[in-house]
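Colleague:
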Amino acid sequence: MKYCPICERIYADEVGVCDVDGGILRDSAPKQDTFVGKTIKHRYRVIEKLGEGGMSVVYLAEQINIERKVALKVLHGEYARDETFVRRFRQEAKLAASLNHRNVIQIYDFDQGEDGNLFIAMEYLVGRNLKEVICAGTLEISQAVHLGIQIADGLGAAHRAGVIHRDIKPENIMVVGRGDEVKLMDFGIARLREAGASTRLTRAGMIMGTPAYMAPEQIEGREINERTDIYAFGIVLYEMLSKRVPFTAPTPAAILMKHLKETPVPLRKLRREIPAQLERIVTQALEKQPERRPANMEQIAASLHKAEREFAPGTLAKTLMVTQPFEVIEADATRQESGARSLLGKIRRALGAKEHGSAVESSEEPRSQQEVSRDLESQEEGPAKTVLATVALTQAVEAIPGKRMNRKWIALVGGALLLVCVALWIGMVFYGQVPVQNGEKIVREPEKKRQTVNPIISAVISADKAELKVNERMVLRLTAQYADGTREEIKENVEWVSNDPSVLFFVDEGGNAEAKRVGKAQVSARYKGLEAPALDIQVIRPLSSTPVSEPRLVSLGIQADNREIKVKGRLLLRVRGRYSDGRESEIKKGVRWESSDSSIAAVNSRGEVSGQREGMARVIARSGEVASDPLSLVVKSVAKGREPEISKDVQPGKAIATRREPETVKDLQPGKGAEFNDRIRAARFYRERGEYSQALAELEKASKIDPGNKDVQGEIAITKRACNAERTLGRSDLNC
């Protein structure tokens, strides 16, 4: 069975062209992947297929010389013939390879296989894409911010290199490792910001990107810059925090209109615990006008770092403690006095009432009020009277600068402070016995060293890149994650270890490492008994300083289905070239054809040979300074009364092998039957190869031979439909 790639209708195997849109039908039967198990360029052994996209197939492969697993991205064969898609594929490789950042996937190699297909060898990642992470469950706010900071860092590095991604979405973001490290992927539709550095590959009328994540200026075809990626980043951050994109609709066009016209639902309406500052960051990134968004990703990363610190659990508890005075003391002088008396009452009840009593921790040496207050504030949960005393003291102190205070108010506050000091002094004097709620007495133990409230629970090693050249240096960092979810880089007292110092060794205690020879080393770090998971570092040879030249053509070879033709017969020749890098491919343009005797066998610029008279002639193909070996052709005469005529089962390019007696007077007109059928045969041959201009030219010649022939008009219509269908699929070079 066959199917049409445009309308997806199913056809029988013998049908070649869709009767609705003229698309060339494709085989719908599954085929065995010929790449699996294959060795490409003697460097990569393909292990298995990982996935397939619109332009390429991704395979897991092994780089044979260093036994490293890589991901091979291979361009679809049907697109390899299209120069536009080849340029886009090359652009993706070159742009991505120019980026060297820990949050951008690393490109190792770029080449062309023996079959002519282009491929990219890149870092093989084991993990999940961000879309899978979001769908797995609601992300913690701290985790979403942690991932967002890394995405912002990676995009910032790309923007500094002049690269705009243009298709930021969760599917293009990988989350790997126990430390949730982010890797940005797929710069397939990226372009250089500077106009002179690259050619714009997006054709007029075509929108590149994913509708749910596209910025208004991208939809309207306006200028695209870093702020376009910032808009898409805002949608990704919105989705991480709310588990939904801001705009949804049944059709892509409706989604695009919402980007232009509608405002997203505020995040805090979807998830109340989201801090206001974080909501502002997302809202600013989703501004419709690019100039109202943040200027660059560095600003967003800095804002996210600040938000991460401010909504950390410990900071949130302190914020709640100090905001109470502003809610309590906001009245006139009379209410302030009443509030002060209430505070004094709270202090007295806290220090004197047995029903609220508990053990108060104290040191053998008296401490200042500020030290006591700081210790109490740092505890997540404390005794009842301690908390009450802290609240009263905080309220009294914080309320002073808020309003103008009369003398009576100052006296009351001073009295409250004095009372607290006296109460604490009394507690120290009577150190050892404190009443509790059930009336029993407990003996206070000597003060122990206060334990850390926010311990480190894990640590992760990070580096700007995973590959070093020999004699190159890099700095590794150790980041600790605390129990409250915050992260902080540890810069001192870290013990760095390399499992193979002959490959990579540390030159100092600050994480500075130097590559010594080609190989692989595992780096680990220890801090206060905690060991971080090892990080693999690959050391490679330095790239040669000699510029790599383009492969040059070294030889040509002519291919023919037959070396004998009849007088007035025709034969199509093809030429293949071999290049200095070992690859071979058919050459379709720029070939010059020569015949040793045009009176016997004439050859035109397209490689079509026509027999003129009996004899033998040699044909040579030239491209630039390279010439092929001569191909000998024998021209034989046709028996009288018979005209060579193509049969229905003759393949394009084959010599005519079957004949039939002419049935009409028209067939007996000298030369008309043979030339007419040769033109039809040549047109079909060119159409199968996708060379529609040549096919239409042949059909026009056939139409001049027999202007009223309906078969010729039908062939012209089929060829034009196929040509238009190919243009729809992306071949902008066609002129139908």
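Residue numbering for the sequence shown follows my numbering, beginning at 325 and increasing consecutively. Backbone N, C-alpha and C define an ideal beta-carbon position, used for all residues, glycine too.
1. With a threshold of 16 other CB atoms inside 10 Å of the CB of Asn496, please say whether the residue is buried or exposed.
2. Would you say Ser952 and Leu880 are within 7 Å of each other, going by their C-beta atoms?
3. Return the bridge partner residues of Ala926 from the DSSP annotation.
4. Below 7 Å between beta carbons: does that hold for Tyr537 and Lys567?
5. Looking at the strands, I want to know which residues DSSP matches up with Phe434.
6. Cα-Cα, which of Gly440, Val394, Arg392 is closest to Glu407?
7. Taking 8 Å as the threshold, find out whether the stretch 590-610 comes into contact with the stretch 480-488 through three or more Cβ pairs.
8. Would you list the residues sitting across from Gly451 in a DSSP beta bridge?
9. Excluding the 5 residues preceding and the 5 following Ile579 in the sequence, name in chain order all residues of the same chain whose CB lies nearer than 8 Å to its CB.
10. According to DSSP, what are the bridge partners of Val959?
11. Do three or more CB pairs link the stretch 429-449 to the stretch 383-401 at distances below 8 Å?
12. Three-state secondary structure (DSSP) at Ile766?
13. Assuming Thr607 is part of the alpha helix (DSSP H), what are its boundary residues?
14. Note down the Cα distance separating Lys852 from Tyr555, rounded to an integer number of angstroms.
15. Do Ser961 and Ala941 come within 7 Å of each other at the CB atom, strictly closer than that value?
16. Please report the Cβ distance between Ile889 and Val943, rounded to the nearest whole angstrom; I am assuming they are in contact, meaning their Cβ atoms lie under 8 Å.
17. Would Val499 pass as a contact of Asn427 if the rule is Cβ separation under 7 Å?
18. To the nearest angstrom, how far is the alpha carbon of Ala858 from that of Ser848?
19. From Pro779 to Glu855, what distance separates their C-alpha atoms?
20. Considering only the alpha carbon of each residue, which of Lys1044, Arg801, Tyr432 lies closest to Glu310?
21. Taking Ser380 and His400 to be in contact with their CB atoms under 8 Å, please state how far apart those CB atoms are, rounded to whole angstroms.
22. Check Glu874 in the structure and name its three-state DSSP category.
23. Helix, strand or coil for Arg350, going by three-state DSSP, please let me know.
24. Please name the residue or residues paired with Gly375 in a DSSP beta bridge.
25. Under the rule that 16 or more other beta-carbon atoms within 10 Å means buried, what is Ala1041, buried or exposed?
26. Between the alpha carbons of Thr462 and Ile429, how many angstroms are there, rounded?
27. Quick one: measure Cβ to Cβ for Val831 and Val794, integer angstroms, because I've assumed they're closer than 8 Å.
28. Of the choices Arg633, Leu561, Ala925, whose alpha-carbon is the least far from that of Leu610?
29. Could you tell me if Ala336 is buried or exposed, where buried requires 16 or more neighbouring beta carbons within 10 angstroms of its beta carbon?
30. Ignoring anything shorter than 3 residues, give me the beta strand (DSSP E) runs that lie fully in the stretch 554-632, in order along the chain.
31. Among the residues of its own chain, which have a CB less than 7 Å from the CB of Gln608, if the five just before and after it don't count?
32. Less than 7 Å between the beta carbons of Val784 and Gly503, yes or no?
33. Tell me which residues share the same chain as Glu796 and place their Cβ nearer than 7 Å to its Cβ, disregarding the 5 neighbours each side in the sequence.
34. Please report how far the alpha carbon of Ala884 lies from the alpha carbon of Arg898, in whole angstroms.
35. Within its chain, find whatever has a CB closer than 7 Å to the CB of Tyr903; leave out the 5 residues flanking it on each side and keep chain order.
36. Is Glu1050 buried or exposed, if buried means 16 or more other CB atoms sit within 10 Å of its CB?
Modeller: The short version:
1. By the C-beta density criterion, Asn496 is buried, having at least 16 other C-beta atoms within 10 angstroms.
2. Yes.
3. DSSP lists Ser934 as partners of Ala926.
4. No. Outside cutoff.
5. Answer by DSSP bridge pairing, in chain order: Ile444.
6. Comparing Cα positions, the closest option is Gly440.
7. Verdict: no, contact absent.
8. Its beta-bridge partners are Val500.
9. Within the same chain, Ile579 has close Cβ partners Pro535, Ala536, Phe571, Thr572, Ala573.
10. Paired residue(s): Ile889, Gly939.
11. Between the stretch 429-449 and the stretch 383-401 there are three or more C-beta pairs closer than 8 Å, enough to call the two in contact.
12. Low per-residue confidence applies at Ile766: pLDDT is 41, beneath 50, and the placement is therefore not dependable enough to give any value.
13. If you look at Thr607, you'll find it in the alpha helix (DSSP H) that goes 600-609.
14. When rounded, the distance between both Cα atoms is 42 Å.
15. Taking C-beta atoms as the reference points, Ala941 and Ser961 fail to come closer than 7 Å.
16. The pair is not a contact, with the Cβ atoms about 11 Å apart (cut-off 8 Å).
17. At the C-beta level, Val499 and Asn427 stay beyond 7 Å of one another.
18. Their backbone Cα atoms lie some 5 Å apart in a straight line.
19. Roughly 14 Å separates the two Cα atoms.
20. What is shown of the chain runs 325 to 1060, which leaves residue 310 out entirely.
21. Beta-carbon to beta-carbon, Ser380 and His400 are separated by about 6 Å, close enough to satisfy the 8 Å threshold.
22. Note: Glu874 maps to coil in three-state DSSP.
23. It is a strand residue.
24. According to DSSP, residue pairing for Gly375 in a beta bridge involves Val382.
25. Exposed, by the Cβ-count rule.
26. Taking the straight line from one Cα to the other gives about 26 Å.
27. About 15 Å separates the two Cβ atoms, so there is no contact after all.
28. With respect to the C-alpha of Leu610, the residue from Arg633, Leu561, Ala925 having the closest C-alpha is Leu561.
29. By the neighbour-count rule (16 or more Cβ atoms within 10 Å), Ala336 is not buried but exposed.
30. Fully enclosed beta strand (DSSP E) runs of 3 or longer: not present.
31. Excluding positions up to five away in sequence, the list reads Arg617, Pro618.
32. Result yes, Cβ atoms of Val784 and Gly503 sit closer than 7 Å.
33. Contacts found: Ala839.
34. The straight-line gap from Cα to Cα measures roughly 7 Å.
35. For Tyr903, where only same-chain residues beyond five positions count, the Cβ hits under 7 Å are Pro875, Arg876, Leu877, Val878.
36. It counts as buried.
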